[in-house]
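Have a look at the structure below before the remarks.
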Amino acid sequence: MATKNGAPAPLTPAVLHILLALSTGERHGYGIMRQVREDSEGKTKMGPGTLYGSLERMLQAGLIRESAKRVDPEMDDERRIYYALTGAGRAALEAELQRYREVVAVAKGRLAVARPLFAWVAPVGRHVR
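The numbering of the sequence shown is my numbering, which starts it at 12 and goes up by one.
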């Protein structure tokens, strides 16, 4: 989906995390949840409802595909479905990361201008004595 000016629409946090988890290789649902938790250092925990609802929408949008990869049933549950990024999914991830870079650049510029105004305020987590 695109915005009015033709740019890709921003991704939801869940979709962004899933695309990031799949950016290094194919994973099954539980593997995606574990990777999201690891990538976010435990700050983001994605439940099955959010994960599988997002995966379904992402499949329909062509951002991911089901992989033909199946592991040895002796080592893993043969019913697990593995997911992989498509070209459109990688492009959406790259566009979102660029959008974040642009937002951070604007924020840094604004904070640099605002910093002299608030120089007397102690940084977060520090107390002024």
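Glycine included, every Cβ here is placed at the ideal spot set by N, Cα and C.
- Straight through space, the alpha carbons of ALA72 and SER51 are spaced by roughly 25 Å.
- Counting every other CB atom within 10 Å of its CB across the protein chains shown gives TYR94 a total of 16 or more, marking it as buried.
- If you draw a 10 Å sphere on the C-beta of ARG112, you find fewer than 16 other C-beta atoms in it, and that means exposed.
- Under the three-state reduction of DSSP, ILE43 is assigned to helix.
- Annotated three-state conformation of ALA20 is coil, per DSSP.
- Residue pairing by DSSP places TYR111 opposite no residue, since no beta bridge is assigned to it.
- Taking 7 Å as the cut-off, the Cβ atoms of LEU74 and GLY40 do not count as close.
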